[in-house]
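Under full-length UniProt numbering, the first residue of the sequence shown carries the number 1, and numbering increases by one thereafter. Idealized CB from N, CA, C, for every residue including glycine. Contents: one structure, followed by commentary.
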Amino acid sequence: MMGPEGLPDKEALEQMEQRARRMSNVWVNRILGLAVGFFSVYTFSTLRDVNSPLYPFVTQMLQKVDPETAHDIVMWAAAHDLLPEDLDKDDPAARVALADGQLRLPNPVGLAAGFDKNAEGPLSFLKMGFGFVEVGSVCPEPQSGNPTPRIFRLGEDAAIVNRCGFNSDGIAKVEERLKAMRKVKEKEPLTRMGKIGVNLGKNKTSTDAAADIREGARRLGPLADYLVINVSSPNTPGLRALQQRDELAKLVDAAQEEIGTFKIHKPPLFIKIAPDLSHEDKKDIADLVLAKGVEGLIVSNTTVSRPESLKSPNKTEEGGLSGWPLKEMSTECVRDMYRLTQGKVDIIACGGVFTGRDLMEKIDAGASAVQIYTSMVYRGPSAARMIKNDLAYIMFKRALRTLRDAVGKGVREADDGEAAAKRPKKSKKPKKVPKPSFDV
Numbered sequence: 001m002m003g004p005e006g007l008p009d010k011e012a013l014e015q016m017e018q019r020a021r022r023m024s025n026v027w028v029n030r031i032l033g034l035a036v037g038f039f040s041v042y043t044f045s046t047l048r049d050v051n052s053p054l055y056p057f058v059t060q061m062l063q064k065v066d067p068e069t070a071h072d073i074v075m076w077a078a079a080h081d082l083l084p085e086d087l088d089k090d091d092p093a094a095r096v097a098l099a100d101g102q103l104r105l106p107n108p109v110g111l112a113a114g115f116d117k118n119a120e121g122p123l124s125f126l127k128m129g130f131g132f133v134e135v136g137s138v139c140p141e142p143q144s145g146n147p148t149p150r151i152f153r154l155g156e157d158a159a160i161v162n163r164c165g166f167n168s169d170g171i172a173k174v175e176e177r178l179k180a181m182r183k184v185k186e187k188e189p190l191t192r193m194g195k196i197g198v199n200l201g202k203n204k205t206s207t208d209a210a211a212d213i214r215e216g217a218r219r220l221g222p223l224a225d226y227l228v229i230n231v232s233s234p235n236t237p238g239l240r241a242l243q244q245r246d247e248l249a250k251l252v253d254a255a256q257e258e259i260g261t262f263k264i265h266k267p268p269l270f271i272k273i274a275p276d277l278s279h280e281d282k283k284d285i286a287d288l289v290l291a292k293g294v295e296g297l298i299v300s301n302t303t304v305s306r307p308e309s310l311k312s313p314n315k316t317e318e319g320g321l322s323g324w325p326l327k328e329m330s331t332e333c334v335r336d337m338y339r340l341t342q343g344k345v346d347i348i349a350c351g352g353v354f355t356g357r358d359l360m361e362k363i364d365a366g367a368s369a370v371q372i373y374t375s376m377v378y379r380g381p382s383a384a385r386m387i388k389n390d391l392a393y394i395m396f397k398r399a400l401r402t403l404r405d406a407v408g409k410g411v412r413e414a415d416d417g418e419a420a421a422k423r424p425k426k427s428k429k430p431k432k433v434p435k436p437s438f439d440v
């Protein structure tokens with residue numbers, strides 16, 4: 001419609017404005033759609049990498065949530081293959097061979113038992129950059145563990161206190177999951193070289209710990225790259241008493257007898273000990289391990305002690321303390337066990353490892369590999385990668401061709417220094433001065 005002067009009338013103008021608005025909305029929606037799509041693709045591709053700048057934010061958000069709820073979220077993501085992956089290559093010089101070559105690790109950083117208790121997502125953690133993952137502790141029968149709350153963060157101390165009490169889905173469930181995973185593990189490039197260990201525990205109400213360990217070894221041993229006898233958790237009544245020589249010998253015999261019946265794959269056996277042992281207890285364990293031919297030790301579990309340096313109000317909570325405050329105690333225990341076993345038994349160190357420097361301290365003390373737990377809670381999914389990057393730099397600076405070259409080096413140097421200091425110094429004889437010649 002045209003107005004009296006040849007101009008569009010009011011109705012026509014309104015129609016034109018509506019068409020313009022519709023076209024504008026179409027373009028706005030298209031642009032928004034493209035932006036959302038681009039952001040979604042970018043976010044998805046970025047979140048796939050453990051080095052994503054988004055993960056420090058995600059980690060901080062998880063730390064605002066109840067500790068066990070946050071852990072359940074991570075385990076749900078692991079079970080559904082939604083965790084990020086370490087897309088960087090590991091340094092071949094940092095590969096480790098334990099148990100006389102039976103256990104070959106692509107890198108020396110493992111995930112400690114207690115994180116993936118029920119083998120819900122070990123392949124996801126291998127993809128995240130861990131060289132090995134230890135599932136468990138696994139008990140023969142399902143049990144719920146101690147009442148909640150049972151996990152406490154000590155943020156000011158970079159530590160955790162837990163009193164979970166071996167909450168476990170039981171052997172049957174774990175066996176089923178491990179069987180299913182074995183079918184796909186070898187096909188995945190990021191999981192093919194990684195190893196899965198199984199940590200064996202006893203049920204709270206069990207009166208025969210040896211029978212529990214025997215059952216675990218019989219059913220899970222064929223599916224495990226290595227087995228661990230856990231006698232060091234402070235949260236199961238009477239468990240630590242099994243570290244006494246006679247009791248521990250029964251558990252070792254039970255596990256070794258079962259392993260001895262396996263026709264093809266015989267997983268190496270490790271014992272996980274507490275950091276609070278007396279020197280006599282450590283010596284008894286070392287003597288037993290050497291006498292029985294146990295392949296290795298995991299040093300150490302959590303501590304029931306509370307260093308005076310702790311600042312968090314949660315320090316008063318009952319349970320085992322892990323994280324940064326355990327670092328020195330764990331390292332000293334590694335050093336003791338390396339000396340007592342004369343360097344003949346492989347040691348996996350656990351306790352207070354946050355950086356590559358922490359890892360090298362354990363290696364110098366006698367460990368061949370390490371495990372982490374608490375540092376991943378505080379540093380997020382890139383924890384293993386950051387430690388491996390640190391390690392590569394340290395090995396370069398120290399001109400280490402292999403990590404094995406550094407195992408126990410600090411202990412040997414300290415012992416050599418002490419021995420040299422104790423040797424009586426020989427008195428130096430005065431040098432004979434030649435008589436001057438006056439011959440002309």
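Asked	Found
Quick one: give me the first and last residue of the beta strand (DSSP E) that residue 183 is part of.	Premise fails: residue 183 lies in the alpha helix (DSSP H), 171-185, not in any beta strand (DSSP E).
Using the three-state DSSP reduction, which class does residue 195 fall into: helix, strand or coil?	strand
How big is the Cα-Cα spacing for residue 192 and residue 185?	6 Å
When the Cα of residue 76 is compared with those of 95, 115, 106 and 86, which residue comes out closest?	115
Could you check whether the segment 175-182 touches the segment 95-110, counting it as contact only if at least three pairs of C-beta atoms, one from each stretch, sit closer than 8 Å?	no
For the segment 350-386, which segments carrying the beta strand (DSSP E) assignment without a break, of at least 3 residues, lie completely within its bounds, in sequence order?	369-372
So what's residue 285 in DSSP terms, helix, strand or just coil?	helix
In or out: residue 337 buried (at least 16 other Cβ within 10 Å) or exposed?	buried
Residues in the same chain with beta-carbon distance under 7 Å from residue 281, minus the five sequence neighbours each way, listed in chain order, please.	243
Skipping 5 residues on each side, what residues in its chain have a beta carbon closer than 7 Å to that of residue 424?	none
Apart from the five residues just before and just after residue 401, which ones in its own chain have a Cβ nearer than 7 Å to its Cβ?	93
Taking three-plus beta-carbon pairs below 8 Å as touching, is the segment 283-295 in contact with the segment 311-331?	no
How far does the beta strand (DSSP E) with residue 320 in it reach, from first residue to last?	320-323
What is the residue span of the alpha helix (DSSP H) that residue 57 lies within?	55-62
Would you kindly work out how many angstroms separate the C-alpha atoms of residue 311 and residue 380, rounded to a whole number?	22 Å
Taking C-alpha atoms, which residue in 301, 59 and 373 lies nearest to residue 236?	301
Mind checking which residues open and close the alpha helix (DSSP H) that includes residue 296?	First-last for residue 296: 296-299, but that is the beta strand (DSSP E), not the alpha helix (DSSP H).
Note the first and the last residue of the continuous alpha helix (DSSP H) segment covering residue 232.	Unbroken run through residue 232: none, as it is neither H nor E.
Scan the segment 72-130 and note each continuous alpha helix (DSSP H) run of 4 residues or more that stays entirely inside, going in chain order.	122-127
By a C-beta neighbour count over all protein chains shown, 10 Å radius and 16 as the cutoff for buried, is residue 73 buried or exposed?	exposed
Find the nearest neighbour of residue 345 within the set 395, 366 and 305, judged by alpha-carbon distance.	366
For the alpha helix (DSSP H) holding residue 216, just list the boundary residues, first then last.	209-220
Mapping DSSP to helix, strand and coil, what is residue 155?	helix
Would you check if the distance between the CB atom of residue 171 and the CB atom of residue 219 is smaller than 8 Å?	yes
Checking contacts by CB at 8 Å: is residue 116 closer than that to chain D?	Absence of chain D from the displayed structure is noted, only one protein chain being present.
Inspect the beta-carbon positions of residue 197 and residue 227 and report whether they are closer than 8 Å.	yes
Under DSSP, the beta strand (DSSP E) around residue 144 begins and ends at which residues?	No beta strand (DSSP E) holds residue 144; DSSP gives it neither H nor E.
Distance check for residue 308 and residue 120, CA to CA, integer angstroms please.	37 Å
Is it buried or exposed, residue 143, if we count other Cβ atoms within 10 angstroms and call 16 or more buried?	buried
Skipping 5 residues on each side, what residues in its chain have a beta carbon closer than 8 Å to that of residue 277?	243, 285 and 333
What three-state label does DSSP hand residue 396 in the structure shown?	helix
For residue 406 versus residue 360, is the C-beta distance shorter than 8 Å?	yes
Just grab the DSSP bridge partners of residue 258 for me.	According to DSSP, which records beta bridges pairwise, residue 258 is partnered with nothing at all.
Locate the beta strand (DSSP E) running through residue 135, then write down its first and last residues.	132-138
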